Structures are given as C-alpha cells and as structure tokens.
Amino acid sequence: MNAPFDLTLLDRELRRHRASSLAGYLRNKPLCVLDPRVLDKHLDRYRKGRRTLTDLCELYGVTLDGAHDAAADAAASLELVRAVGRRFSARLERLSPAEVHSLQAVWHAAQARGLQAWFEKNGAPEPVDPAWPLRPELPAAA
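Numbered by our numbering, the letters in the sequence shown go through residues 3 to 144 in order.
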C-alpha cells in the first residue's frame, strides 16, 4: 500500500536481476497506479487518525488476513482502492484511471510538503520524499 516504496523496490530488483527497469519490463507502456493511501488522504483530508493498511482496511470495512504478507497486503490494497472508489465515487467518476494517476502525483507531493513542514515545525527535520509513484534512482556510489 506504500506505492513509492513497493514500486521503487520492484524497479530496483528488476534492474538488479534482469538488467531492466520497471518501465523496460512494461515495454514503456504507461504505468497507472491507484494508491489507496494517497487517495484517502486527499479525499478525506481532515479525518484524524493513522493511514496504515490495517487502519484503512478497518475504516473501509476491508478484510485483511495475514498483514505484512505480500500477497495478503496486495489483495487488501486492491480491495481498499475499490472501497475508496465506492465511497468517493461522486468525486472520482468523471476521471479516467490515467487522470487519477496524474492527480495522485500532485496530491502526494502536496502531502509530502505538508508532512515536511510539520516535521520542521516540531523539531524533527525528517526528510520526506515527494516522488510518486516511483522514487528516482540515486547516483551510484563511487
């Protein structure tokens, strides 16, 4: 459910084992990601509470069997996207999946800036990466 982490890990593992990036593996077809965490945080921005997979599943009535098991987390994330879509269908129904994908990049960047500001205000200068859904590759260490 943490798209930047999951997709970046997948990209780096593909590069390491297959000498191909995620984009190369997809043969440069556009990536279209629906991220339940980004969607929930944007569409229900004033709701207090955590937005972990477990918390969001409980909030949206999604069953999560075997948390932290990759297959269980992926299945729950898919059901969570569907549940978020149903709850906020009036706000999403006119958008294509590609449009939602593009908007999520903007929303995530704004969310990251807000979190960064909160960290700085509270004396915990924790770096927050605004990249979504894939973090850029860092230069190789010399």
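Ideal Cβ positions, reconstructed from N, Cα and C, are used throughout, including at glycine.
Bear in mind that the values here come from a model prediction, so they are computed numbers and not experimental data.
Taking the CA atoms as reference points, GLY26 sits about 13 Å from LEU9. The beta carbon of HIS44 sits closer than 6 Å to those of TRP109, all from its chain and outside the five residues before and after it, given in chain order. In terms of CA proximity to GLU60, GLU81 leads the group ALA72, TYR48, ASP71 and GLU81. In the assembly as shown, LEU28 is an exposed residue. Its beta-carbon has fewer than 16 other beta-carbons within 10 Å.
Per DSSP, the unbroken alpha helix (DSSP H) holding HIS44 starts and ends at 38–45. Each residue's CA atom was taken as its position, placing PRO6 and ALA133 some 7 Å apart.
Classified as exposed, LEU140 has fewer than 16 neighbouring CB atoms from the shown chains inside 10 Å of its CB. Judged by DSSP secondary structure, LYS123 falls within the alpha helix (DSSP H) whose first and last residues are 99–123. Annotation: THR56 to PHE90 spans about 20 Å, alpha carbon to alpha carbon. Taking C-beta atoms as the reference points, ASP37 and LEU24 fail to come closer than 8 Å. Note on geometry: alpha-carbon atoms of LEU58 and ASN4 lie some 12 Å from one another.
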